[in-house]
Every structure is written in structure tokens, then in C-alpha cells.
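Working notes, beginning with the structure itself.
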Amino acid sequence: MIVGTDGGLRVSAPMVIANARSLLAAGRSCLRARAAASLTVLDLAEVGEVDSSAVSLILAWLRTAGERGLQLRIINPPASLLSLASLYGVAELLPLA
């Protein structure tokens, strides 16, 4: 679902409402385990499906990262995620690498 890597986190599960609660908890746990003031890459290359909850998840992870003093960068975002973020007017908040 979410795996911690040397450089950050890799999400491999669909980012949809059915998985949102467990993804939120797993992502927060991984972020809290990282050293403060480090760059953390969120790799979404393996995410095949997203819905509006994906935008909420990323914003929540950004808050958690900020609380820990982490810089979060997103790589390989699905086009559908970018489209949803644009639709909701929050695309400029996504820290794309």
C-alpha cells in the first residue's frame, strides 16, 4: 500500500475513498518516522486509480510533513490526479518535483 524508501514514500494502492482511511494512517506513520528537515519524495508511479479522496490525502500528508519540518515532493502523479487538483483549484498547492 505505502512503502517507505530511502528517499521517501511509494504508494502502490488505488487512492480512492475505499482505501482513504488506511492510506491516510499509513502515510502519516511513514512521514512521522522520517528525520525532520529532510526532503521526502512521494512516488505515485504505481497508483492506477484515483478519485477526489486522493487530493484530500495528499493535502493531509502535506500538513503532516509540514508539522515534521519535511519538504514533500510528488513525482509521477497520475494525470487524473492533476486533473482533479486543477478542477478543485488546488493544483498550485501540489509540490510537484
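Counting from 1, one number per residue, gives the positions in the sequence shown under UniProt numbering.
Yeah, the Cβ is synthetic: ideal placement off N, Cα and C, and Gly gets one too.
Item to check | Exposed unless 16 or more other CB atoms sit within 10 angstroms - verdict on Thr40 | outcome: Thr40 should be labelled buried.
Checklist entry - Helix, strand or coil: which one does DSSP assign to Val50? => result In the structure shown, Val50 sits in a strand (DSSP, three-state: E or B).
Item to check | 8 Å CB neighbourhood of Arg68 in its chain, flanking five on each side removed | outcome: Leu31, Arg32, Arg34 and Ala36.
Checklist entry - Whole-angstrom Cβ separation of Leu57 and Leu82, contact assumed at under 8 Å? => result The pair is not a contact, with the Cβ atoms about 15 Å apart (cut-off 8 Å).
Item to check | Extent of the continuous alpha helix (DSSP H) to which Leu31 belongs | outcome: First-last of the alpha helix (DSSP H) with Leu31: Ala20 to Arg32.
Item to check | Range covered by the alpha helix (DSSP H) that runs through Leu87 | outcome: Ala79 to Leu87 is the extent of the alpha helix (DSSP H) around Leu87.
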